[in-house]
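Numbering (the numbering used here), first residue to last: 5 to 264. Comments concern the structure below.
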Amino acid sequence: MQDRVKSFENVRNFRDFGGYQGADGAAVRTGVLFRSAQFGEASEADMAALQTYRIKVQADLRRPDERERHGHRWPVEGVTVLSSDLGSAAQAPHVRFLSEVAVDAPQARGWMVDYYRDAPFKPQHVETFSAWFSALAELDEDEAAVVNCAAGKDRTGILCALTHHVLGVDRETIFADYELTNEAANVADRLPEMARMFNQHIGKDYEDEVYHPFVGVSAEFLHGALDSMTERAGSLDAYLSDTLSVGAAEVEQLRKKFLV
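In structure tokens, the structure reads:
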């Protein structure tokens, strides 16, 4: 994990999601595909470190209100930012859910599964997911790309899983990389403090486990997204082709570029 996860002062969950076995026994290139939480609090040292990764494309999956609230410490000039102006909200959906009703841990997990089932079809995500694959196809050999949302786990996790699928990474590995967030983001250590902060913010007294789905990840969440795409589109490949315009020709092009 240590080679994959990169350490920063104020950027969480930044990691390389290449290096896995892909189609036909080839390996996904390392040093070109990254995933992360948001960069709004990046320090000067973080900014300098980010420059070393040669990132030329950033898919920022945050809502407009999130981008406004946390600002843009990074990226710098020369990075193409892919984002959507759709889906703005006065309050984050999970915060609204936790605030409006009395919630236990199973209900919180169920809410997150439902969120994942809807997420691949939300117009703002379709827009940026599609743009991500188009941008990857245009990257030069020595250029890299990063996908992020707020925590780098849910929206980012879905898009990275789709990217792995396009490159022929097997399902078990896709889930292992997705669940790496729990280690990379130190979820077990951070959960008590995050729960305290959440409770203070919304005026509740929920147990820590209620907040786990909103701080960490669980395989059942990603299963929800992948199952939903399969059920509604017919298959993951059909979702990619029909919803994101990533068909067989685009898949072949991306595999030639990112597999070695």
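C-beta: ideal position from N, C-alpha, C; glycine also.
Checking the sheet assignment: what are the DSSP bridge partners for Q257? In the DSSP output, where bridge partners are listed per residue, Q257 has none listed.
Rounded C-alpha distance that separates R66 from V264: 32 angstroms
Does the distance from the CB of K261 to the CB of L86 come in under 9 angstroms? no
Using a threshold of 9 angstroms, state whether the C-beta atoms of E147 and K60 are closer than that. yes
Excluding the five sequence neighbours on either side, which residues of its own chain have a C-beta within less than 8 angstroms of the C-beta of A135, listed in chain order? A63, L86
Please give me, in chain order, every unbroken run of the alpha helix (DSSP H) with length at least 4 that falls completely inside the region 90-169. 97-104, 109-122, 127-142
May I ask you to report which of helix, strand or coil DSSP gives L37? strand
Beta-carbon gap between F133 and L90 smaller than 9 angstroms: no
In the DSSP assignment, find the beta strand (DSSP E) that holds T84 and state where it starts and stops. 84-86
Are Y182 and A237 close, meaning C-beta to C-beta below 9 angstroms? no
Should R19 and L184 be called a contact, given that it needs their Cβ atoms to be closer than 9 angstroms? yes
Could you tell me the distance, in whole angstroms, from the CA atom of D193 to the CA atom of D241? 38 angstroms
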